[in-house]
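Each residue of the sequence shown is one higher than the one before, starting from 142 at the first, in the working numbering.
Presented below is the structure to which this report refers.
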Amino acid sequence: MLNEETRRKLRELNLSEMVDAIYTQSQDVGYTTLAFEDRMKLAVDYVYQKKYNTKVQRLIKMAKFRITNAAYNDIYYIDRGLDRQKLMTLSNCQFIDTSTSVIFYGFSGSGKSFLACAIGRQACMQGIRARYIRTPDLLMLHDEALLTKQGISKLLKKFSNYKLLIMDEWLLNDLSDEEQYFLLELIERRHDSSSTIFCTQYKKEDWHVRLGGGVHADAIMDRIVHNAAWVYAGNINMREFYSKNLAKPQQ
142 MLNEETRRKL RELNLSEMVD AIYTQSQDVG YTTLAFEDRM KLAVDYVYQK
192 KYNTKVQRLI KMAKFRITNA AYNDIYYIDR GLDRQKLMTL SNCQFIDTST
242 SVIFYGFSGS GKSFLACAIG RQACMQGIRA RYIRTPDLLM LHDEALLTKQ
292 GISKLLKKFS NYKLLIMDEW LLNDLSDEEQ YFLLELIERR HDSSSTIFCT
342 QYKKEDWHVR LGGGVHADAI MDRIVHNAAW VYAGNINMRE FYSKNLAKPQ
392 Q
């Protein structure tokens with residue numbers, strides 16, 4: 142049993158979980174038959190798991206996912222037309238190591254946001270710093286940033302630093318010249334150093350027009366489409382499907 146001074150030192154070292162692990166062992170006579178190395182291993186495993194869980198939950202909270210409980214294992218596949226193999230590959234998050242973008246495309250209600258948040262959650266489970274934001278909300282932040290000195294610079298720095306950025310409702314609204322330039326700057330800063338997931342109703346052939354059809358559109362597309370995984374979100378309206386079936390909200 143640890144004395145109070147030792148417990149204090151462990152807590153000061155941010156190892157309160159070790160105090161809990163040792164206390165648990167002291168209350169169970171079954172541990173007395175184990176060698177010191179085995180008991181230490183079990184205590185370290187306990188501390189590691191506790192700290193890992195805390196870190197993952199913190200990353201998930203900071204990511205601000207639209208669907209906080211979206212999980213890869215809850216993705217619905219039956220008669221949907223989803224590419225299961227491609228999603229399985231994305232779930233290991235190696236695309237982030239190669240700074241590859243992911244585009245979930247499909248009609249409204251097809252479950253794009255759920256798929257993106259599920260992959261984002263997988264990233265958090267691997268200790269990767271992620272962030273979700275609707276593109277219209279990001280552009281509102283852009284408009285607010287215009288009113289302050291260095292506002293745009295700070296906004297670009299903030300969103301370029303996430304290892305994984307999920308931009309939902311991509312190309313939903315027409316873009317002004319200033320917004321096109323802002324998005325180009327953001328994508329340029331993230332290019333070759335991080336990954337972005339785009340959720341959109343538009344196929345690749347429609348992007349250029351939606352991006353304004355000019356040089357900004359050329360530059361934005363050039364930085365995305367050549368290193369991207371395109372995933373069709375399927376042919377089922379998941380909102381309608383679950384409103385009728387009243388089942389667990391898998392998407």
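Using N, Cα and C, we set each Cβ at its ideal position, and we do this for glycine too.
Considering only residues of the same chain and omitting the five flanking positions on each side of residue i, which have a CB-CB separation below 7 Å?
i, result
"Arg-207", "Ser-254, Cys-258, Tyr-273, Asp-309"
"Leu-282", "Leu-296"
"Ile-237", "Ala-264, Ile-269, Lys-304, Leu-305, Ser-336"
Who are the near neighbours of residue i in its chain, counting only those whose CB is closer than 6 Å to its CB and skipping five residues on each side?
i, result
"Gly-375", "Arg-221, Gly-222, Leu-223, Ser-251"
"Thr-341", "Tyr-246, Trp-311, Leu-312"
"Thr-352", "The sequence as given places Leu at residue 352; Thr does not occur at that position. Correct list, in chain order: Ala-358, Ile-361."
For a test of the three-state rule: what should DSSP assign to residue i, helix, strand or coil?
i, result
"Tyr-343", "coil"
"Trp-311", "coil"
"Phe-177", "helix"
"Arg-331", "helix"
"Ile-219", "coil"
"Tyr-322", "helix"
"Tyr-172", "helix"
"Ala-271", "strand"
"Ser-317", "coil"
"Thr-337", "strand"
In angstroms, rounded to a whole number, what distance separates the CA positions of residue i and residue j?
i, j, result
"Phe-382", "Asp-215", "15 Å"
"Gln-321", "Met-362", "12 Å"
"Glu-285", "Asp-179", "57 Å"
"Ile-377", "Leu-151", "53 Å"
"Asp-347", "Gly-354", "10 Å"
"Met-159", "Glu-153", "12 Å"
"Asn-144", "Gln-166", "15 Å"
"Gln-380", "Leu-316", "The question names Gln, yet the displayed sequence has Arg at residue 380. Straight-line Cα distance between these residues: approximately 28 Å."
"His-367", "Arg-331", "14 Å"
Quick one: residues in its chain with C-beta nearer than 8 Å to the C-beta of residue i, no 5 flanking neighbours on either side, listed in chain order?
i, result
"Tyr-227", "Here residue 227 turns out to be Lys, not Tyr, going by the sequence shown. Counting only Cβ-Cβ distances below 8 Å, and skipping sequence neighbours, we find Ala-370, Val-372."
"Leu-156", "Val-188"
"Ile-328", "Thr-337, Ile-361, Arg-364, Ile-365"
Along the chain, where does the alpha helix (DSSP H) containing residue i start, and where does it finish?
i, result
"Ala-211", "Here Ala-211 belongs to no alpha helix (DSSP H), and DSSP marks it neither H nor E."
"Val-160", "157-167"
"Val-366", "Premise fails: Val-366 is in no alpha helix (DSSP H) and is neither H nor E."
"Ser-254", "253-266"
"Phe-300", "292-301"
"Thr-393", "Residue 393 is absent from the structure shown; the chain starts at 142 and stops at 392."
"Lys-150", "145-153"
Return the Cβ separation of residue i and residue j in integer angstroms, given the expectation that the two are a contact with Cβ distance under 8 Å.
i, j, result
"Phe-339", "Ile-244", "5 Å"
"Pro-277", "Asn-314", "6 Å"
Can you name the start and end residues of the beta strand (DSSP E) that residue i belongs to?
i, result
"Arg-225", "Unbroken run through Arg-225 is the alpha helix (DSSP H), 225-232; no beta strand (DSSP E)."
"Ile-377", "It is not in any beta strand (DSSP E) - Ile-377 carries neither H nor E in the DSSP assignment."
"Phe-245", "242-246"
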